[in-house]
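Sequential numbering from 74 applies to the sequence shown in the working numbering.
Even glycine gets a Cβ: it sits at the ideal position worked out from N, Cα and C.
Below is one structure, written out as structure tokens, with a few remarks after it.
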Amino acid sequence: MDEGKKNVYDIYTLHLVRWREEMFQKTQEHVMQAVLKLVERQRNGETIDHSQIKAIVDGFRKCTILRGNIIWG
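Printed below as a string of structure tokens:
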């Protein structure tokens, strides 16, 4: 964020902020339900693709915004 200018971001950070506002907030509950179903399937003995879960967790972590601050993982 630009010093002294609230809500002014560099392009990369702006992209993350907009992605969070437009996608993450609207879909996070559905995505988490899908991840939990994958975990449940694995616990029931099925083989799952762990890279899908890793990619989702990484995406959530990169776009976590807490109290106006970007948290980088």
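How many Å lie between W92 and D122 at the Cα?
Numbered from its first residue, the sequence shown carries residue 92 at position 19. Numbered from its first residue, the sequence shown carries residue 122 at position 49. Spanning the alpha carbons of W92 and D122 requires a straight line of approximately 25 Å.
Coarse secondary structure for G132, derived from DSSP in three states
Locating residue 132 in the sequence shown gives position 59, counting from the first residue. The answer is helix: DSSP assigns G132 an H, G or I state.
For M74, name the three-state secondary structure that DSSP assigns.
Position 1 of the sequence shown, counted from the start, is the residue given in the question as residue 74. Reliability fails at M74, whose pLDDT of 46 lies under 50, so the model's placement of it is uncertain and no value is given.
Would you call R140 buried or exposed, if buried means 16 or more other Cβ atoms sit within 10 Å of its Cβ?
As a working note, residue 140 is residue 67 in the sequence shown. Note on R140: pLDDT 43, under 50, position unreliable in the model; no value is reported.
Measure how close the beta-carbons of Q126 and V108 come, nearest whole angstrom, since I'm counting them as under 8 Å.
Here residue 126 is taken as the residue at index 53 of the sequence shown, counted from 1. Here residue 108 is taken as the residue at index 35 of the sequence shown, counted from 1. The question names Gln, but residue 126 in the sequence shown is Ile. Between V108 and I126 the Cβ distance is about 6 Å, and since that is below 8 Å, they are a contact.
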